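Asks: The structure follows.
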Amino acid sequence: MLEKTFNPQDAEPKIAKKWEELGLFAAQPQSNKPPFCIVIPPPNVTGVLHMGHALNYSMQDLLCRYKRLKGFDVLWQPGLDHAGIATQIVVERVLAKDGISRHDLGREKFVERVWQWKEESGGQIVKQLKALGASADWSRERFTMDEGLSKAVRKVFVKMYKDGLIYKDKRLVNWDSKLQTAVSDLEVIQKETVGKMWYMNYPVEGMADTFITVATTRPETFFGDTAVAVSAEDERYKHLIGKNVVLPIINRPIPIIADEHADPEKGTGAVKITPAHDFNDFEVGKRHNLEMINILDVHAKLNENVPVDFQGLTTMEARALVLKKIEELGLLVKIEDNPMTIPYGDRTGVVIEPYLTDQWFVDTTEIGRQALEAVEQGKVNVYPENMKNTYYEWMRNLQPWCISRQLWWGHQVPVWYGPDGEIFCEETEELAKQEAKKHYGKEVSLRRDTDVLDTWFSSGLWAFSTLGWPDAESIYLKKYYPTSVLVTAFDIIFFWVARMMMMSLYNMKEIPFKDICFHGLVRDEKGQKMSKSKNNGIDPLEMIRKYGADALRMSLLVQAGSGRDVLIGDSRVEAYRNFTTKIWNAARFAEMNGATVAKDFDPAKVKLPLNAWVITKLSEAEKTISKAIDTYSINEASQSIYHFIWGTFCDWYLEMSKPIFYGDNEAAKIETRSTMAYIFEKMITLLHPFMPFITEELWADTGKRDNMLMASIWPDLAAFEDNEASSKIDWAIELIGSVRSLRAEMGISASAKISLKIQDADEKQKQLIQSLTDVIHFMAKIESIEFVNEHVKGSVSTVYDGIIIMIPLDGLIDVAKEKERLNKEMDNLKGFIERSKAQLANEAFVSKAPEKVINERKKALTEAGENLTKLQEAYKRLADL
RNA sequence: GGGUGUAUAGCUCAGUUGGUUAGAGCGCUGCGUUCACAUCGCAGAGGUCACAAGUUCGAGUCUUGUUACACCCACCA
Numbered sequence: 004m005l006e007k008t009f010n011p012q013d014a015e016p017k018i019a020k021k022w023e024e025l026g027l028f029a030a031q032p033q034s035n036k037p038p039f040c041i042v043i044p045p046p047n048v049t050g051v052l053h054m055g056h057a058l059n060y061s062m063q064d065l066l067c068r069y070k071r072l073k074g075f076d077v078l079w080q081p082g083l084d085h086a087g088i089a090t091q092i093v094v095e096r097v098l099a100k101d102g103i104s105r106h107d108l109g110r111e112k113f114v115e116r117v118w119q120w121k122e123e124s125g126g127q128i129v130k131q132l133k134a135l136g137a138s139a140d141w142s143r144e145r146f147t148m149d150e151g152l153s154k155a156v157r158k159v160f161v162k163m164y165k166d167g168l169i170y171k172d173k174r175l176v177n178w179d180s181k182l183q184t185a186v187s188d189l190e191v192i193q194k195e196t197v198g199k200m201w202y203m204n205y206p207v208e209g210m211a212d213t214f215i216t217v218a219t220t221r222p223e224t225f226f227g228d229t230a231v232a233v234s235a236e237d238e239r240y241k242h243l244i245g246k247n248v249v250l251p252i253i254n255r256p257i258p259i260i261a262d263e264h265a266d267p268e269k270g271t272g273a274v275k276i277t278p279a280h281d282f283n284d285f286e287v288g289k290r291h292n293l294e295m296i297n298i299l300d301v302h303a304k305l306n307e308n309v310p311v312d313f314q315g316l317t318t319m320e321a322r323a324l325v326l327k328k329i330e331e332l333g334l335l336v337k338i339e340d341n342p343m344t345i346p347y348g349d350r351t352g353v354v355i356e357p358y359l360t361d362q363w364f365v366d367t368t369e370i371g372r373q374a375l376e377a378v379e380q381g382k383v384n385v386y387p388e389n390m391k392n393t394y395y396e397w398m399r400n401l402q403p404w405c406i407s408r409q410l411w412w413g414h415q416v417p418v419w420y421g422p423d424g425e426i427f428c429e430e431t432e433e434l435a436k437q438e439a440k441k442h443y444g445k446e447v448s449l450r451r452d453t454d455v456l457d458t459w460f461s462s463g464l465w466a467f468s469t470l471g472w473p474d475a476e477s478i479y480l481k482k483y484y485p486t487s488v489l490v491t492a493f494d495i496i497f498f499w500v501a502r503m504m505m506m507s508l509y510n511m512k513e514i515p516f517k518d519i520c521f522h523g524l525v526r527d528e529k530g531q532k533m534s535k536s537k538n539n540g541i542d543p544l545e546m547i548r549k550y551g552a553d554a555l556r557m558s559l560l561v562q563a564g565s566g567r568d569v570l571i572g573d574s575r576v577e578a579y580r581n582f583t584t585k586i587w588n589a590a591r592f593a594e595m596n597g598a599t600v601a602k603d604f605d606p607a608k609v610k611l612p613l614n615a616w617v618i619t620k621l622s623e624a625e626k627t628i629s630k631a632i633d634t635y636s637i638n639e640a641s642q643s644i645y646h647f648i649w650g651t652f653c654d655w656y657l658e659m660s661k662p663i664f665y666g667d668n669e670a671a672k673i674e675t676r677s678t679m680a681y682i683f684e685k686m687i688t689l690l691h692p693f694m695p696f697i698t699e700e701l702w703a704d705t706g707k708r709d710n711m712l713m714a715s716i717w718p719d720l721a722a723f724e725d726n727e728a729s730s731k732i733d734w735a736i737e738l739i740g741s742v743r744s745l746r747a748e749m750g751i752s753a754s755a756k757i758s759l760k761i762q763d764a765d766e767k768q769k770q771l772i773q774s775l776t777d778v779i780h781f782m783a784k785i786e787s788i789e790f791v792n793e794h795v796k797g798s799v800s801t802v803y804d805g806i807i808i809m810i811p812l813d814g815l816i817d818v819a820k821e822k823e824r825l826n827k828e829m830d831n832l833k834g835f836i837e838r839s840k841a842q843l844a845n846e847a848f849v850s851k852a853p854e855k856v857i858n859e860r861k862k863a864l865t866e867a868g869e870n871l872t873k874l875q876e877a878y879k880r881l882a883d884l
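Numbering of the first sequence is given in my numbering, commencing with residue 4 and proceeding in unit increments.
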């Protein structure tokens with residue numbers, strides 16, 4: 004006998020352990036099963052499981068389990084990302100508690116410390132993933148910094164360098180002054196603020212009392228000004244082009260130039276040019292060969308290129324002082340409020356400065372074009388399709404990708420410099436030395452570039468590096484690449500998806516995955532983004548503790564589709580915990596009634612309409628579920644199995660089986676026991692990818708089986724098409740619904756047994772009702788059914804499929820209430836008939852609408868007419884009372 | 001400024017190629033429950049499908065416009 008309830012806290016860890024011990028998660032590259040492969044979006048080594056992960060990995064696990072049941076050889080390739088910036092920040096924070104900075108340790112010691120930290124507390128998330136039920140091949144876990152993957156990184160870098168796709172350049176980059184590193188455009192968050200615009204006068208050299216007014220939001224950068232630009236067409240300033248203005252305070256003359264960047268409509272039409280601290284000005288500077296004066300140091304404080312009393316000030320301090328001095332000189336014209344956006348680092352939250360440094364870049368022109376074309380040409384399918392547009396838009400406006408970071412934790416750039424600065428880019432120091440020897444004709448000492456690579460550079464290789472590349476003979480690479488599908492949230496489409504496309508097409512000459520399935524973000528129950536500041540975060544582990552992993556998974560999966568956002572909260576997870584209880588109790592019911600499959604049971608040959616019906620419904624559900632999963636409509640698939648189990652199986656099938664079990668028809672009992680056990684087994688198989696734990700538990704508890712459900716096969720129910728026996732039950736369900744509704748509306752107590760009088764049923768309907776008498780009695784709480792030829796006095800009635808259904812109430816009838824109810828029913832019918840008639844009288848409709856529609860409409864009209872007549876008769880009799 | 005979505009019941013959302021009287025879950029109301037399940041069942045109420053115009057015999061569904069909201073990208077002297 005099954006326990007009273009399912010206890011996920013005890014059962015889940017045991018089951019998870021068993022799966023893994025039996026090696027059921029492991030790929031079988033040697034098998035001749037068709038491959039199905041997903042590479043996991045690697046969580047950060049610093050990460051703990053959050054709801055976004057829970058959704059992402061639940062979806063992948065669903066797909067993997069589904070494909071395994073369908074007979075595929077599944078490789079779900081797991082791993083972790085070293086997450087350069089994020090991890091370095093975490094470890095620095097740990098060290099800071101002991102008052103140590105990374106500079107105290109030095110680079111080598113610090114990196115050692117990070118590795119140590121990684122071994123100790125990194126990878127927590129893997130345990131948490133297992134608790135969620137994730138069936139990845141854990142024996143193949145990879146880490147972006149492990150040896151094989153690091154080798155892949157070096158190899159790709161060198162190849163791209165030698166192909167001219169990676170180059171070093173002195174350019175303005177986004178500078179994070181807290182971490183003292185460059186970051187890419189994507190790592191910069193723009194925030195709206197209301198700032199100020201200051202209008203300052205710059206005196207024109209050699210012309211007394213003549214000024215050019217420039218407007219600026221950053222007065223402190225004026226020490227780096229090397230020109231003032233105006234439009235060549237601007238009448239106000241035309242005559243001044245070629246002359247100089249003198250920068251106040253420092254009295255440095257700078258030229259007035261004509262440049263298209265100056266827009267006469269904006270500001271004063273004259274714009275100060277600070278090439279080393281503004282992206283637009285940088286371009287202007289290059290066009291006019293202007294000097295680029297860097298006025299900031301790595302901490303974003305003013306450096307030695309400014310007067311002594313400004314040196315060492317922060318930009319904000321410098322701004323105040325500059326404005327004070329300008330004002331003292333009488334050159335401050337006016338101040339305006341100015342709405343603007345300010346760039347912040349996404350990890351550090353400090354203001355990002357445009358900063359002039361040497362950095363490594365990837366030229367994305369060619370590989371970006373390939374990545375764009377692959378999607379345009381449909382080599383990669385995108386779900387939902389509209390995400391393609393987002394992808395296209397970005398790919399068509401690709402900028403060079405800044406891949407170097409001035410961090411310590413990451414893949415160090417495989418570049419060595421000779422004494423004269425000559426670059427040797429090789430996979431190892433040995434090779435670099437050899438090349439240097441060739442170059443110089445003698446041994447020289449080399450200096451390695453200290454930069455590390457953007458984390459996304461190594462994640463960009465993930466689809467093939469985890470499968471064994473650069474070992475071209477890797478059986479995994481051969482069998483599973485390109486991978487089947489990438490499941491990811493759309494917020495990393497540029498960071499990761501686009502980079503994987505580019506890097507894979509460049510290296511493998513082949514797409515990394517055939518499908519991309521984007522899902523939405525997880526929000527709280529009110530639809531708000533989860534954030535620390537709102538304190539509305541929901542911990543998936545907490546939910547697992549409270550309700551079980553199955554409940555959490557299902558509550559996420561029922562919403563996971565079409566890139567929609569997913570809402571989560573206690574009440575939702577609780578609802579699916581209730582679902583597990585429901586299934587559990589259904590199993591208990593089946594067990595109590597002796598549901599086991601008889602030896603000679605053939606589901607195709609069941610005789611009872613009820614059993615034929617449930618088999619047909621299961622077959623329909625299976626079709627819906629498979630089709631939905633195949634197109635990543637996970638929500639639809641989840642809802643379908645949920646409704647089958649709760650609605651069709653529990654609410655109707657199990658209920659309708661009761662009169663059979665309580666009756667004395669032994670043959671019917673035997674067939675029903677078999678069918679029930681059969682359906683239950685198939686049903687939990689269909690549910691397994693969604694809720695793996697409870698289904699596995701029930702698989703073990705409800706039958707003598709020698710395998711695990713996980714290693715079972717997906718039911719093939721194609722043979723069970725809709726049939727006549729099954730439609731009888733559909734008809735009966737409608738009939739029962741009518742009776743129940745009538746009872747309830749007339750306020751007849753749900754427990755009160757009543758008799759039913761039926762008029763105008765034809766032979767076929769009579770037979771059907773008779774054959775299902777027990778079921779109808781039970782389901783509609785009826786004591787007796789009698790066929791009559793005329794209306795029964797003092798009864799309430801309704802009409803279903805041309806049959807008048809009456810409940811005699813022997814004088815207890817509330818005539819007013821019944822009149823009201825009948826009136827309402829008749830009004831509805833009349834309205835419908837009117838509309839239908841009008842439509843059928845419309846020549847245009849009759850001549851243009853498809854025949855099928857017209858016939859349907861005619862038939863419905865006739866039926867409605869008959870039903871109305873019968874209702875009117877009933878109403879008349881009521882009046883006679 | 002460019003792009004992508006969304007707008008249907010109190011809430012969260014379905015609604016296939018246009019076709020009978022627009023659906024589900026939760027919530028609400030009523031009724032019920034001695035045996036699979038109070039973690040339950042049955043029934044009911046509740047919607048001018050954001051607004052306007054158009055196409056059509058017929059529009060929640062297609063077109064255009066308007067409004068509101070959400071997200072992404074870019075610019076900002």
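All residues carry an ideal CB built from backbone N, CA and C; glycine is no exception. The model shown is predicted, which means the values in this text are computed figures rather than measured ones.
CB Thr599 to CB Ala554, shorter than 9 Å?
Replies: No. Outside cutoff.
Asks: Is it right to say Gln402 is buried, meaning 16 or more other beta carbons lie within 10 angstroms of its own, or is it exposed?
Replies: Burial call: exposed.
Asks: With three or more C-beta pairs closer than 8 Å as the rule, is the stretch 760–776 touching the stretch 718–730?
Replies: Taking 8 Å as the limit for Cβ pairs, the verdict is that the stretch 760–776 does not touch the stretch 718–730.
Asks: Going by CA-CA distance only, name the one from Glu837, Lys833, Lys851 and Ala552 that's closest to Leu874.
Replies: Checking every option, the nearest Cα to that of Leu874 belongs to Lys833.
Asks: Could you say if the stretch 798–806 and the stretch 680–688 meet the contact criterion of at least three C-beta pairs nearer than 8 Å?
Replies: Counting Cβ pairs under 8 Å, fewer than three are found: no touch.
Asks: Which residues does DSSP pair with Asn247 in a beta bridge?
Replies: DSSP, once it has assigned bridges, lists Pro258 as partnering Asn247.
Asks: For the beta strand (DSSP E) that contains Ile806, what are its first and last residues?
Replies: Start and end: Ile806 to Pro811.
Asks: Can you tell me which of Lys517, His646 and Glu674 puts its alpha carbon nearest to the alpha carbon of Ile41?
Replies: When each option's Cα is compared against that of Ile41, the closest is Lys517.
Asks: Distance, Cα to Cα, Gly650 vs Glu623?
Replies: Cα to Cα, Gly650 sits roughly 14 Å from Glu623.
Asks: Only counting the same chain, and skipping five residues up and downstream in sequence, which positions put a Cβ closer than 6 Å to that of Lys181?
Replies: Answer for Lys181: Thr351 and Val353, listed in chain order.
Asks: DSSP beta-bridge partners for Leu348?
Replies: Per the sequence presented here, residue 348 reads as Gly, with Leu not at that position. DSSP, once it has assigned bridges, lists Val191 as partnering Gly348.
Asks: Identify the continuous alpha helix (DSSP H) that holds Lys93 and give its terminal residues.
Replies: Per the sequence shown, the amino acid found at residue 93 is Val instead of Lys. Where Val93 is concerned, the enclosing alpha helix (DSSP H) stretches over Gly87 to Lys100.
Asks: Exposed or buried, which one is His522 when buried takes at least 16 other CB atoms within 10 Å?
Replies: Looking at its Cβ environment, which holds 16 or more other Cβ atoms inside 10 Å, His522 is buried.
Asks: Please classify Val197 as buried or exposed, where buried requires at least 16 other C-beta atoms within 10 Å of its C-beta.
Replies: Flag for Val197 reads exposed.
Asks: Return the residue from the list Asp633, Lys820, Ile628 and Leu189 that minimises the CA-CA distance to His646.
Replies: For the residues Asp633, Lys820, Ile628 and Leu189, the minimum Cα distance to His646 belongs to Ile628.
Asks: What's the gap between the Cα of Glu339 and the Cα of Ala303?
Replies: The alpha-carbon atoms of Glu339 and Ala303 are separated by roughly 26 Å.
Asks: Between Lys445 and the rest of its own chain, which residues show a CB-CB distance below 7 Å, the 5 nearest in sequence each way excluded?
Replies: Correct list: empty, nothing qualifies.
Asks: Taking three-plus beta-carbon pairs below 8 Å as touching, is the stretch 98–110 in contact with the stretch 6–22?
Replies: Verdict: no, contact absent.
Asks: Could you have a look at Ile298 and say whether DSSP puts it in helix, strand or coil?
Replies: In this structure, Ile298 counts as coil in the three-state DSSP scheme.
Asks: Inspect the beta-carbon positions of Thr705 and Ala852 and report whether they are closer than 9 Å.
Replies: No, Cβ-Cβ distance for Thr705 and Ala852 is not below 9 Å.
Asks: Is DSSP giving Gln183 helix, strand or coil here?
Replies: It is coil, neither helix nor strand.
Asks: Would you tell me roughly how many angstroms separate the C-alpha atoms of His414 and Leu456, rounded to the nearest one?
Replies: Approximately 5 Å, taken between the alpha carbons.
Asks: What are the boundary residues of the alpha helix (DSSP H) that includes Gln131?
Replies: Gln127 to Leu135 is the span of the alpha helix (DSSP H), which, as asked, contains Gln131.
Asks: Report the CB separation of Pro45 from Ser462 in whole angstroms; it is logged as a contact under 8 Å.
Replies: The pair is a contact, with the Cβ atoms about 7 Å apart (cut-off 8 Å).
Asks: If distances are taken between C-alpha atoms only, which option among Met711, Asp654, Pro718 and Val778 comes closest to Lys885?
Replies: No statement about residue 885 is possible, as the shown extent of the chain runs from 4 to 884 and does not include it.
Asks: To the nearest angstrom, how far is the alpha carbon of Ile571 from that of Asn392?
Replies: Each residue's Cα considered, the two are about 28 Å apart.
Asks: Going by Cα to Cα distance, which pick from Ala185, Val114 and Gln562 is closest to Glu528?
Replies: If we check each option's Cα against that of Glu528, Gln562 comes out closest.
Asks: When burial is assigned at 16 or more other CB atoms within 10 Å of the CB, is Gly895 buried or exposed?
Replies: In the structure displayed, the chain extends from 4 to 884; residue 895 sits before or after that span and is not available.
Asks: Exposed or buried, Arg116, counting other C-beta atoms within 10 Å across all chains shown (16 or more means buried)?
Replies: By the neighbour-count rule (16 or more Cβ atoms within 10 Å), Arg116 is buried.
Asks: Among the residues of its own chain, which have a CB less than 8 Å from the CB of Gln183, if the five just before and after it don't count?
Replies: Cβ neighbours of Gln183 beyond the five flanking positions: Val301, His302 and Gln409.
Asks: Would you grab the beta carbon distance between Gly227 and His280 for me? Rounded to a whole angstrom, and I think it's under 8 Å.
Replies: At roughly 5 Å, the Cβ-Cβ gap stays under 8 Å, so Gly227 and His280 are in contact.
Asks: To the nearest whole angstrom, what separates the beta carbons of Asn596 and Arg676, a pair I think is in contact under 8 Å?
Replies: With a Cβ gap of about 7 Å, Asn596 and Arg676 count as contacting.
Asks: With a cut-off of 8 Å, do at least 3 Cβ pairs link the stretch 260–274 to the stretch 239–252?
Replies: They touch, by the three-pair rule.
Asks: I'd like to know whether the C-beta atoms of Val383 and Ile495 end up nearer to each other than 9 Å.
Replies: In this structure, Ile495 does not lie closer than 9 Å to Val383 by Cβ.
Asks: Alpha carbons only, please: which of Leu771, Lys820, Ala439 and Gly421 is nearest the one belonging to Glu737?
Replies: Checking every option, the nearest Cα to that of Glu737 belongs to Leu771.
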